[in-house]
Structure formats: structure tokens, C-alpha cells
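S.K.:
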Amino acid sequence: MTHEYERIEVPRNGLRLHLNENTGGCSPRVLAAIGRLGPADLATYPDYGDVHTAVARFFGVDESRLLLTNGLDEGILAAAVAWLRGSARDEAIIIEPAFGMYADAVEAAGGHMVTVLPDDQLGVPLAATVAAVTPRTRLVFFASPVNPSGVVVPPEVIGGIARALPPEAVLFLDEAYADFADSHFLGELSHWPNVLVGRTFAKAYGLAGLRAGAVIGHAGAIARLRRIVPPYSLNAAVAAILPVALEDQQHVAWYRGQVEISRELIYAACRRLGLRYWPSQANFVLVHVGDALTRVTAGLAARRIYVRNRSSQPGCAGCVRITAGVAAHTRACVTALEEILGHRGEA
């Protein structure tokens, strides 16, 4: 069966391949659910009973272990506020390269940031992270798959770091891109009361504009977060449509298939062009273009194709991150990249 989005064309206003958004859009069933909202739905504070039950059931956890948030960013900020307590003595460890929100949240919460450099594959180094832990450590932030490398952090690394933390600390594992990976840590979470898992519905579900996230963890840790997050953080539209989005797994499976095709298209182009890339389990690929960085970013932008310059992050000098979404969009990006750099021989 042909999916309607397989006929999708390149948007006239350009390709947003720099923010890891869902380039195919949300499920048509979500749009229909939004259309059913009436004046009273938007004029009254939302009831979260149905959406909370639906999301908890989807993740296979008790409702006491789930907090819905206004985007995953809010969950990250809430964790920083809850565990750092505005004390410059309280430390938060961030493994680079990292999502900028981690550092922003630590700064906003008044904590002290400790950074750890990545391993040579741009993954999370177990020994170096454990060595950075002190009695003042209260929080550890990192993602799996890692942004921007797309590397999945092995469960033994996650567990090794969690085991090394002092009793007051938690590990916040950002699984924003887990919907595109072959494995995730959520199934192990019941064994680790000091680990929080963050999820988002922005990427695979195409709901970035509506801001919907979740934090899952031990009931006591979630209760601590719940005291930080405002009572009506999730808007009425999200409360209504999120269960519908979760039900339409056919749409999610289609988009994940497009991502897998797009990653392979980017890999093949990199081999043809002689560029290094990181095999990814996310909806993006990190590519090393080296001295051609400015030529690539400017040349793509001139064609209204926007990719993310990650050169300033540790271990990412000369690198761009390209969203791998709808295959038609990726083919347009690859064609433009080859025009800019020229073929350097077949892989």
C-alpha cells in the first residue's frame, strides 16, 4: 500500500534539516482530532485523566511513575530545579557533546556544571564519567541515542554510571530519539530507582509544535518533579490528541522506515564523497566535511536547505548534522551536497 506521504514534495520554503523535526508531519488522525476540538475545550483547563492513562499504558508503567511535560525541555528544567536546589555546591555532570538545554537548566537552577568529554566515537565514556562523580554530584545528563552522533549508549554504561552516584543523585537519561533506535533503556528502568528517562513526542510523532514530553522514573522521584511542574503545563490540544497519536503506530512505523532509508542515502553519499560519518540510530546523521564546512553550510542554505553546524561542540570540529526524515527530502539534500562538493569517486 502506498502511503500518502510517499508522494510528498520538497517544500517551496526550503528544507528544515537542522532541528531534527519530523519532516513528514503528524498523523492525519491527529489533525482530525484537533478539528474535533470545540470552544469549550479551549476555554477550560484540560482534564489529564485519559491522556495520562493512555501514555502510562503505552510505556508500560504505573501512572505514579509518569509525568507529562510541556516538551521534554520542561522535564529537563524541572529535574535541575528539583535536584540542584539553587546551590552552587550541587554539581551536575554533562557528557559532551550535549543538548544545550542541559547546561541552560543547570545555570537556571543555580547549580555547578561539570563537563566530561566524549569517547572517540562521540559516545558516553564510563570511566571518565564515574571519575567525575563526587559527593556533591546531584544530577547527570546525557542522551541515548547521543545528539549529535546518534550513538546508542550501552545499558552497562548507563548502569555503571547510575551505580556510582551518591544516594541523593539521579541520572537523567534523555531518550528523545529512542523511537528510531533498535534498543532503549526504558525496559531496564524498574531496576534503577535513581534513573529518570525523558521522552518526547516531537520527533517520531511530529508534534514538536504542540510541545509534548514525558519523564518516567521511580514514583518518589516523579513526585518530586511533580511539585516543580505547573499544574496545567500540558495544553488542551495535546491532552486531546496524544492518545490518538499513540494509537496510529502505522504512521510512526512509516516514518521510521523513511528515516532508515534516509540514513542509508546519507551514508552512501558520504562514501561517494569520501566523508566520514557516524552510523546513527536516530533521525539524523553527523557528517565530517572538514575544511569545506562553510562552503557546505552556505551552499546548502543558498539552495534553501538548512543543516546544523555542530563544529563548536567537543569532538565535532568540521561536522554538520543532517536530519534524516522523508526520503524525498534527503535525496534533494544529497543531490545538493554532491553539487557543492563534487563526486570524489564511488564507494
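Mapping to this note's numbering: the sequence shown position 125 is 129, numbers consecutive.
From the three backbone atoms N, C-alpha and C, an ideal C-beta is built for every residue, glycine too.
#1: Around the Cβ of THR27, are there at least 16 other Cβ atoms within 10 angstroms (buried) or fewer (exposed)?
#2: Determine the extent of the beta strand (DSSP E) in which PHE145 is found, giving its start and end residues.
#3: Note down, one range per segment and in chain order, each alpha helix (DSSP H) of at least 4 residues found wholly within the region 147-209.
#4: Give me whichever residues DSSP pairs with GLY18 in a beta bridge.
#5: In its own chain, which residues sit with a C-beta less than 6 Å from the C-beta of VAL256, not counting the 5 before and 5 after it?
#6: Among ALA328, THR301, ASN239, which residue has its Cα nearest to the Cα of ILE344?
#7: Within the same chain, show all residues whose beta-carbon is closer than 8 Å to that of ASN17, passing over the 5 residues directly before and after it, in chain order.
#8: Nearest to GLU179 by CA position, among GLU172, SER187, ALA173, is which residue?
#9: Taking ALA296 as the reference, give the member of GLU268, GLY346, LEU130 with the closest Cα.
#10: Name the DSSP beta bridge partners of LEU70, please?
#11: So within the region 55-130, which uninterrupted alpha helix (DSSP H) runs reach at least 4 residues, ignoring any that extend past its ends?
#12: Which ranges would you report for the alpha helix (DSSP H) in the region 24-49 if only whole runs of at least 4 residues count?
#13: Within the continuous beta strand (DSSP E) that includes ARG312, where are the two ends?
#14: How long is the line joining the alpha carbons of ALA328 and ASP77, rounded to whole angstroms?
#15: Classify THR138: buried if its beta carbon has 16 or more other beta carbons within 10 angstroms, exposed otherwise.
#16: Our contact map puts VAL199 next to LEU177 with C-beta atoms below 8 Å; I'd like the distance itself, whole angstroms only.
#17: Using the Cβ count rule (16 or more neighbours within 10 Å means buried), how would you classify LEU259?
#18: Does the distance from the CB of ALA92 to the CB of GLY114 come in under 8 Å?
#19: Note down, in chain order, each residue of its chain lying with its Cβ closer than 7 Å to the Cβ of PRO234, except the 5 sequence neighbours on either side.
#20: Can you tell which of ALA173, LEU169, PRO159 has the C-alpha that lies nearest to the C-alpha of LEU193?
#21: With a threshold of 6 Å on Cβ separation, who are the neighbours of LEU269 within its own chain once the five nearest residues in sequence on each side are excluded?
#22: Hey, PHE145 and ILE98: beta-carbon distance below 8 Å or not?
#23: So is TYR49 buried or exposed if we call it buried at 16+ other beta carbons inside 10 Å?
#24: Determine the burial state of GLU172: buried for a count of at least 16 other Cβ atoms within 10 Å of its Cβ, exposed for fewer.
#25: What three-state label does DSSP hand THR327 in the structure shown?
M.R.: Reading it off the structure:
#1: Buried: at least 16 other Cβ atoms inside 10 Å.
#2: Looking at the DSSP string, the run of the beta strand (DSSP E) that includes PHE145 is 141-147.
#3: With a minimum length of 4 residues, the unbroken runs of alpha helix (DSSP H) contained wholly in the region 147-209 fall at 159-168.
#4: None; GLY18 has no bridge partner.
#5: Hits under 6 Å: ALA208.
#6: When only C-alpha atoms are compared, the closest one is THR301.
#7: Hits under 8 Å: ARG308.
#8: With distances taken between CA atoms, GLU179 lies nearest to SER187 out of GLU172, SER187, ALA173.
#9: Put simply, of GLU268, GLY346, LEU130 the residue whose alpha carbon is nearest the alpha carbon of ALA296 is GLY346.
#10: For LEU70, which the question treats as bridged, DSSP gives the partners ILE220.
#11: The region 55-130 is shown to contain whole alpha helix (DSSP H) runs of 4 or more residues at 75-88, 104-113, in chain order.
#12: Taking only runs of at least 4 residues, the alpha helix (DSSP H) segments lying wholly in the region 24-49 are 32-39, 43-47.
#13: In the DSSP annotation of this structure, the continuous segment of the beta strand (DSSP E) that includes ARG312 starts and ends at 309-313.
#14: Using only the alpha carbons, I get a separation of about 22 Å.
#15: Exposed is the label assigned to THR138, since fewer than 16 other Cβ atoms lie within 10 Å of its Cβ.
#16: That pair is a contact at about 6 Å.
#17: Per the sequence presented here, residue 259 reads as Tyr, with Leu not at that position. Looking at its Cβ environment, which holds 16 or more other Cβ atoms inside 10 Å, TYR259 is buried.
#18: Result yes, Cβ atoms of ALA92 and GLY114 sit closer than 8 Å.
#19: Cβ neighbours of PRO234 beyond the five flanking positions: none.
#20: The candidate whose alpha carbon is nearest that of LEU193 is PRO159.
#21: Its chain contains THR334, VAL338 as the residues whose beta carbon lies nearer than 6 Å to that of LEU269, once the 5 sequence neighbours on both sides are disregarded; these appear in chain order.
#22: Result yes, Cβ atoms of PHE145 and ILE98 sit closer than 8 Å.
#23: Around the beta carbon of TYR49, fewer than 16 other beta carbons lie within 10 angstroms, which makes this residue exposed.
#24: GLU172 sits exposed, since fewer than 16 C-beta atoms from the chains shown fall within 10 Å of its C-beta.
#25: Note: THR327 maps to strand in three-state DSSP.
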